[in-house]
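One structure is given below, encoded as structure tokens.
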Amino acid sequence: MELTTPTKLEFYDQMLKLQSKAILVHYFKGDDGRKALILDNTIFHPQGGGQPSDTGFICVTDSNLRFCVQDVRSKDGVVFHYGVAEDSSMENELEQGKGKEVILQVDESRRRLNSRLHSAGHLLDVCMRNVGFAHLEPGKGYHFPDGPFVEYKGTVPLNELQSKQREIEIEVNALISKGGKVNATVLPYREAAELCGGSLPDYIHPGSNPRIIKLGDNPGCPCGGTHVSDVSEILSMKVSQIRTKKGMTKVFYTIGT
Ligand SMILES: [Zn+2]
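In the UniProt record's numbering, the protein residues as written are 1 to 257.
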């Protein structure tokens, strides 16, 4: 397997899988001095799309030694699992372990929080449409625990900010109480567009097979992240602030514990 072969992203259709097996492709020291593992496939979500990376452990099968995964990044489709081996014998094992089977274990509580925050961001998009902001086009999302927000192209009249903030919060919590299954599917472009209300954003290549996330019966949205299996798992949501300036609107939120 070439080092430039894209890593198969198993979490694309197996979002709830926290343990899996893979084949070790390469173990090396990166340019920044960090040790990294490349595998043929992974359930670890790399940082991107506004979602932090997963953490966890990778072990060589039939060995008790662990490689502690602290950060995961993707470059040109190849996923780099950065971290530290528990001891030097583990390092030797990894250096000579090309082609060996490894066991992956994703940290569950961190993944659950990241998934809840990410799904909450998408639910916010649904609510924005429901409260009459269909003209606001969802842009960048930041679903990190330290101040998550979604940014929209377009503005909100300043005199409506407070009332809309309340309205969105009521709507979003009503949707959480109602619940709804969350589905992720990789589809041909045209089917994906249909699922997303007829069209896809410009950054999705027309020849590609995008992955679409759908919350309940609401229109889908292209996304590479991990999500809850049901909207009710978000528990509750607070819209903490709406900022609108220079043609952009940012909606900040927090989720219940
Ligand atoms: Zn997303």
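Even for Gly, the Cβ is constructed at its ideal location relative to N, Cα and C. Here the structure is a predicted model, which is why all the values come from computation and not from measurement.
- The nearest non-hydrogen atom of ligand 1 is less than 7 Å from the C-beta of G225.
- A distance below 8 Å separates the beta carbons of H118 and Q51.
- The beta carbon of P138 is closer than 7 Å to those of D125, V150 and Y152 in its chain, skipping five residues each way along the sequence.
- In this structure, I43 sits away from F80, with a CB-CB distance that is not shorter than 8 Å.
- For D125, the three-state secondary structure derived from DSSP is helix.
- In the three-state DSSP reduction, M90 falls in the helix class (H, G or I).
- Exclusion of the five residues before and after N130 leaves E171 as the residues of its chain whose Cβ lies within less than 6 Å of its Cβ.
- Leaving aside the five residues that flank P46 on each side, the residues in its chain whose CB is nearer than 7 Å to its CB run, in chain order, S53, V72, R73, S74 and V79.
- Bounds of the beta strand (DSSP E) holding Y142 are E137 to Y142.
- When the beta-carbon positions are compared, V186 and Y12 come within less than 8 Å of each other.
- Put simply, the backbone Cα of L175 is about 8 Å away from that of V231.
- Counting only residues of its own chain and dropping the five nearest sequence neighbours on each side, H135 has a CB closer than 7 Å to the CB of G154.
- Distance from the CA of V25 to the CA of T4, rounded to the nearest whole angstrom, comes to 11 Å.
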